[in-house]
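Below you'll find the structure, written out as structure tokens, and then a few comments.
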Amino acid sequence: MTQPSFARTRALRLGAVAAAAVLALAACGSDDEKADDGSGGGSGDGLGDITVQLSWIKNAEFAGEFIADDKGYYTEAGFDGVELLAGPVGTEELVATGKADFGLSNAISTAAAIANSDFPLKIVGTTFQKNPFSILSLADGGNIQTPQDLVGKKIGVQDPNLSLFNALLAANDIDPDDVEIVPNGFDIAPLEDGQIDGLVAYVTNESLLVAGHGFDTVDLTFADNGLPFVAESVITTDEMIESKPDVVKGFLEAEIKGWKDACADTELGAKLAVEKYGADIDPPLEMEKEIAQADQQCELLVNTDETAANGLFTISDEMIEANLASLEAAEIDVTAEDLFDTSLLAEVLEENPELVE
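Following this line, the structure appears as structure tokens:
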């Protein structure tokens, strides 16, 4: 697939990583800080204030959230205020420990947190029907086109994505000792400079950036190589589902409205990312790349035949079975009941049939 072209220097790339680190630290503030800034507990006549932990820096990946906030959909749903916390951080732990009310994660990472740490989490809906994870390589470099091409290669892996990468290896019967894992802080420079052969990436983010720098890229997608799982999935705690169902339903309703608008007008979400929500990122986001990301994620990941029939954020029984097969291949032992609870989403869509249209 031919990608759009836009320039970015080494300094800009490294600066973006530094900005992500600063934002991640800010997201991990103490409980006292959370109380001081008015987030997370609200006592208004409505549903109060909530915090939402994003999985990445505030770029077009979260166009739906930005639109829901900017157009007042969260307020219409009954919230006094919504704070969107930038990542990347350990989303599952922050949600499980109450530092965020909701988080955006994926089925593999959430299932691993449930299985390994006994976190009381559930996926209550999903933005991406198909996950965007890939092993990104250069055609004239690592040229990783099949899982077996990983053998003997140096792969840059970010700490939050280590469980995902190990799952990919397990799903394809690859011995971890046959692959050299290189810790990577989401920096694409080592790939472009040939220091590593591949990088755990998003086809809608890092892959666009590298292609935009003039490289011929190759994406080994997780979804097409043994791991078809949902991503940018809304997670919350069992306690939230049981004790505050109206909060969960209100959040899902606002999210669906935001994402319907985001895919109807991809330039709007990109503009909000560049000019408002991600405006303090240094170096600044590039409009061309953000529009390309917004277009691609809606076309490839958000809108499917299933969402056309059932509505955004839905997860069909068939999709749940496919996710469980991925988890089994990754040697993560959880059941559908352990990981998914879409009962409140079903209520939202039944009570608001216009959301399915």
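Heads up: the sequence shown at position 149 corresponds to 195 in my numbering, and the numbers run straight through without jumps.
In this text, a Cβ means the ideal position worked out from N, Cα and C, and glycines have one as well.
Cα-Cα separation between residue i and residue j, rounded to whole angstroms
{"i": "LEU210", "j": "GLU397", "result": "36 Å"}
{"i": "PHE359", "j": "LEU391", "result": "8 Å"}
{"i": "SER279", "j": "ALA376", "result": "19 Å"}
{"i": "LEU298", "j": "ASP239", "result": "42 Å"}
{"i": "ALA213", "j": "ALA316", "result": "32 Å"}
{"i": "PRO178", "j": "TRP102", "result": "13 Å"}
{"i": "THR143", "j": "GLY357", "result": "31 Å"}
{"i": "GLY188", "j": "GLU374", "result": "29 Å"}
{"i": "VAL394", "j": "TYR119", "result": "14 Å"}
{"i": "ALA185", "j": "THR121", "result": "47 Å"}
{"i": "LEU255", "j": "TYR323", "result": "20 Å"}
{"i": "ASP387", "j": "PHE261", "result": "42 Å"}
{"i": "PRO39", "j": "ILE378", "result": "Any property of residue 39 remains undetermined from this structure, which presents the chain solely from 47 to 403."}
{"i": "CYS309", "j": "GLN343", "result": "9 Å"}
{"i": "ALA67", "j": "ALA216", "result": "The predicted position of ALA67 is uncertain, since its pLDDT is 38 and thus under 50; a value taken from the coordinates is nonetheless stated next. Rounded to whole angstroms, ALA67 to ALA216 spans 30 Å at the Cα level."}
{"i": "ASP164", "j": "PRO329", "result": "39 Å"}
{"i": "GLY84", "j": "GLU129", "result": "At GLY84 the pLDDT is 35, less than 50, meaning the model places this residue with poor confidence and gives no usable figure here."}
{"i": "LEU331", "j": "ALA257", "result": "16 Å"}
{"i": "ALA269", "j": "ASP326", "result": "33 Å"}
{"i": "ASP384", "j": "ILE154", "result": "13 Å"}
{"i": "LYS104", "j": "GLU334", "result": "16 Å"}
{"i": "GLU79", "j": "THR97", "result": "Reliability of the predicted coordinates at GLU79 is poor, the pLDDT of 37 falling under 50, and no value is obtained from them."}
{"i": "LEU346", "j": "TYR248", "result": "12 Å"}
{"i": "ALA300", "j": "SER372", "result": "30 Å"}
{"i": "LYS199", "j": "ILE242", "result": "8 Å"}
{"i": "VAL246", "j": "LEU208", "result": "9 Å"}
{"i": "PRO399", "j": "ILE361", "result": "17 Å"}
Own chain, CB closer than 6 Å to residue i, minus 5 neighbours either side, in chain order
{"i": "GLN99", "result": "LEU131, THR137, LEU140, ALA146, GLY149"}
{"i": "ILE415", "result": "Past the boundaries of the shown model lies residue 415; the chain is included only from 47 to 403, so the question cannot be answered."}
{"i": "ALA340", "result": "ALA106, ALA109, THR312, GLY315, ALA316"}
{"i": "THR250", "result": "PRO178, GLN339, GLN342, GLN343"}
{"i": "GLY272", "result": "ALA217, ASN218, ALA375"}
{"i": "ALA277", "result": "ASN152, PHE174, ASN177"}
{"i": "ILE302", "result": "LEU358, PHE359, LEU401"}
Residue i - partner residues in DSSP beta bridges
{"i": "THR263", "result": "LEU184"}
{"i": "ALA277", "result": "ASN152, PHE174"}
{"i": "VAL402", "result": "Note: VAL402 sits in no beta bridge, so no partner."}
{"i": "THR97", "result": "GLU129"}
{"i": "VAL380", "result": "Answer by DSSP bridge pairing: none, since VAL380 is not bridged."}
{"i": "PRO229", "result": "VAL203"}
{"i": "ILE169", "result": "ILE281, PHE386"}
{"i": "PHE179", "result": "TYR248"}
Nearest-angstrom Cβ-Cβ length linking residue i and residue j, presumed shorter than 8 Å
{"i": "PHE275", "j": "PRO134", "result": "Contact doesn't hold; Cβ gap of about 18 Å is too wide."}
{"i": "ASP126", "j": "ASP95", "result": "5 Å"}
{"i": "GLN175", "j": "THR353", "result": "6 Å"}
{"i": "ILE201", "j": "ILE227", "result": "6 Å"}
{"i": "ILE160", "j": "VAL380", "result": "6 Å"}
{"i": "VAL197", "j": "ASN230", "result": "No, VAL197 and ASN230 are not in contact; Cβ-Cβ is about 19 Å, not under 8 Å."}
{"i": "GLY124", "j": "GLY296", "result": "5 Å"}
{"i": "GLU285", "j": "PRO166", "result": "7 Å"}
{"i": "ASP363", "j": "LYS117", "result": "Between LYS117 and ASP363 the Cβ distance is about 33 Å, and since that is not below 8 Å, they are no contact."}
{"i": "ASP292", "j": "LEU93", "result": "6 Å"}
Any non-hydrogen atom of the ligand HEM within 7 Å of residue i CB
{"i": "VAL256", "result": "For the ligand HEM, the structure offers nothing, since it holds no ligand at all."}
Sequence-distant residues of its chain with Cβ nearer than 8 Å to residue i (five each side left out)
{"i": "ALA368", "result": "PRO274, PHE275"}
{"i": "THR263", "result": "GLN49, LEU182, SER183, LEU184, ALA185, SER253, VAL256, ALA257"}
Proximity below 8 Å, CB of residue i to CB of residue j
{"i": "ALA158", "j": "GLU336", "result": "no"}
{"i": "VAL348", "j": "THR173", "result": "yes"}
{"i": "PHE112", "j": "ALA338", "result": "no"}
{"i": "ASN218", "j": "PRO236", "result": "no"}
Cβ neighbours of residue i in the same chain (closer than 7 Å, five flanking residues each side left out)
{"i": "GLY151", "result": "Checking the displayed sequence, the identity of residue 151 turns out to be Ser instead of Gly. Excluding sequence neighbours, SER151 sits near SER101, THR137, GLU138, SER279, ILE281."}
{"i": "THR350", "result": "GLN175"}
{"i": "ALA382", "result": "ILE366, LEU370"}
{"i": "VAL294", "result": "VAL170, THR282, MET286, ILE287, LEU390"}
{"i": "ILE220", "result": "PRO193, LEU196, VAL197"}
Proximity test, Cβ basis, 8 Å: residue i and chain D
{"i": "LYS290", "result": "Within the model displayed, chain D is absent; a lone protein chain is all it includes."}
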